[in-house]
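Trainee: Chains A and B are the protein sequences, given in the same order.
FYI, the numbering for the first sequence is -9 to 116, going by my numbering.
FYI, the numbering for the second sequence is -9 to 116, going by my numbering.
Beta carbons: idealized from backbone N, C-alpha and C, even for Gly.
All of these numbers come straight from a predicted model, not from anything done at the bench.
2 protein chains.
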Amino acid sequence: MTTAAARTPAGRTLAHPDRAEIRLEAVLHALSDPMRLAVVREMATAQGADSPGLSCSHFDLPVTKSTSTHHFRVLRESGVIEQVYRGTTKLNGLRRDDLDALFPGLLDSVLDAATRQADRLDGHAG
Amino acid sequence: MTTAAARTPAGRTLAHPDRAEIRLEAVLHALSDPMRLAVVREMATAQGADSPGLSCSHFDLPVTKSTSTHHFRVLRESGVIEQVYRGTTKLNGLRRDDLDALFPGLLDSVLDAATRQADRLDGHAG
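#1: Quick one: any contact between the stretch 45 to 65 of chain B and the stretch 55 to 70 of chain A, if contact means 3 or more CB pairs under 8 Å?
#2: Please list, in chain order, all residues of the same chain as Leu97 (chain B) whose beta carbon is under 7 Å from its beta carbon, the five residues on each side excluded.
#3: Any residues in the stretch 70 to 94 of chain B with a beta carbon nearer than 9 Å to a beta carbon of chain A? Which ones, in chain order?
#4: Return the chain-ordered ranges of every alpha helix (DSSP H) run that is complete within the stretch 29 to 72 of chain A and spans a minimum of 4 residues.
#5: Can you name the start and end residues of the alpha helix (DSSP H) that Leu97 (chain A) belongs to?
#6: Applying the criterion that 16 or more other CB atoms from any shown protein chain within 10 Å of the CB defines a buried residue, is Arg66 (chain B) buried or exposed?
#7: Using a C-beta to C-beta distance shorter than 7 Å, which residues of chain A count as neighbours of Glu15 (chain B)?
#8: Going by Cα to Cα distance, which pick from A:Gly83, A:Ala28, A:Leu44 is closest to Val70 (chain A)?
#9: So Arg106 (chain B) contacts chain A; which residues on that side make the cut at Cβ distance below 9 Å?
#10: For the beta strand (DSSP E) containing Leu81 (chain A), name the first residue and the last one.
#11: Look at Ser22 (chain B) and Leu18 (chain A) and say whether their C-beta atoms are less than 8 Å apart.
#12: Considering only the beta carbon of each residue, do Val29 (chain B) and Phe49 (chain B) sit closer than 8 Å?
#13: Report all residues from its chain with a CB closer than 8 Å to the CB of Ala103 (chain A); omit the five preceding and five following residues, and keep chain order.
#14: Name the residue from A:Leu92, A:Leu111, A:Glu72 whose alpha carbon lies nearest to the alpha carbon of Leu44 (chain A).
#15: Say whether chain B places a C-beta atom closer than 8 Å to the C-beta of Ser99 (chain A).
#16: Could you give the distance in angstroms between the alpha-carbon of Gly121 (chain A) and the alpha-carbon of Val64 (chain B)?
#17: Taking the CB atoms as reference points, tell me whether Arg13 (chain B) and Ala20 (chain B) lie closer together than 8 Å.
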């Protein structure tokens, strides 16, 4: 992502860490919440490209609006996702390029682990 | 690990999750703290085998004893490490077999990411 990408024509921006500012501990913390991990899994599945395409409401989390906003903010401030305004809607996308460049294989191994766990707990796998 | 492995002759035990009880979110949370991540990195380096061999005092964390105990408990209760009593000393070891069986590649990718970050922040790498 670029700084410009987080800007609307109206100039409303959301703070994102630069790639060099992203910290492993913050990424792991962001992914350690079941709801945030579910959001990231869905984003990884839904997304063909890096560009933010999914609104927060797409995810339909079973929590209040403010809790949902909190979770997306934690994901954004840790560097896991990018959020851009389109009008009054925030669109979200994984920062896969940044994460893969900093921590090769990490995001995929977390996503794979999450899939394995979901299958295991659903009884689909051993 | 086996349940017996966590027992001393005197019968003093520490609670560990069984392999099937280990949850990805708890593992990521345990690893998301800089001090706990440092402990796990050192354990991974120091350890040739799975058996717990390092005492808590080995790690010489710059925190109070109770904070150190807390960090080791979070690591144990999440399933990341095994702790066994030898007399009044707790010996610690990574539960690599359990983690690798549940989440193949995850621990290694986190350890690799931590090494890359440490190198980057120390200016050893680009």
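Mentor: Reading off the structure:
#1: The stretch 45 to 65 of chain B vs the stretch 55 to 70 of chain A: no contact.
#2: For this step, residue 97 (chain B) is matched to residue 107 along the second sequence. Hits under 7 Å: Arg86, Leu89, Asp90.
#3: Across the stretch 70 to 94 of chain B, CB contacts with chain A closer than 9 Å involve Leu92, Phe93, Pro94, in sequence order along the chain.
#4: 55 to 68
#5: By one-based count along the first sequence, residue 97 (chain A) stands at place 107. From DSSP, the alpha helix (DSSP H) with Leu97 (chain A) extends over 96 to 111.
#6: For the purposes of this step, residue 66 (chain B) is taken as the residue at position 76 of the second sequence. So Arg66 (chain B) ends up on the buried side.
#7: Looking up residue 15 (chain B) in the second sequence gives position 25. Per Cβ cutoff of 7 Å: Ser22, Asp23, Pro24, Leu27.
#8: To locate residue 70 (chain A), count along the first sequence from 1; it is residue 80. Nearest of A:Gly83, A:Ala28, A:Leu44 to Val70 (chain A), Cα basis: A:Gly83.
#9: Residue 106 (chain B) sits at position 116 when you count from the first residue of the second sequence. Residues of chain A passing the Cβ test: Leu14, Leu92, Phe93, Pro94.
#10: For the purposes of this step, residue 81 (chain A) is taken as the residue at position 91 of the first sequence. From DSSP, the beta strand (DSSP E) with Leu81 (chain A) extends over 79 to 84.
#11: Here residue 22 (chain B) corresponds to residue number 32 of the second sequence, with the count starting at 1. Here residue 18 (chain A) corresponds to residue number 28 of the first sequence, with the count starting at 1. A contact, by the Cβ cut-off of 8 Å.
#12: Residue mapping note: residue 29 (chain B) aligns to position 39 of the second sequence, counting from 1. Residue mapping note: residue 49 (chain B) aligns to position 59 of the second sequence, counting from 1. Closer than 8 Å, so yes.
#13: Start at 1 with the first residue of the first sequence, and residue 103 (chain A) comes out as number 113. Cβ within range, chain order: n/a, list empty.
#14: As a working mapping, residue 44 (chain A) is identified with position 54 in the first sequence. Among A:Leu92, A:Leu111, A:Glu72, the Cα nearest to that of Leu44 (chain A) belongs to A:Glu72.
#15: If you number the first sequence from 1, residue 99 (chain A) lands on position 109. It does; some Cβ of chain B falls within 8 Å.
#16: A question about residue 121 (chain A) goes unanswered here, because the residues of chain A that appear run from -9 up to 116.
#17: Position 23 of the second sequence, counted from the start, is the residue given in the question as residue 13 (chain B). Position 30 of the second sequence, counted from the start, is the residue given in the question as residue 20 (chain B). Not in contact: Arg13 (chain B) and Ala20 (chain B) (Cβ atoms no closer than 8 Å).
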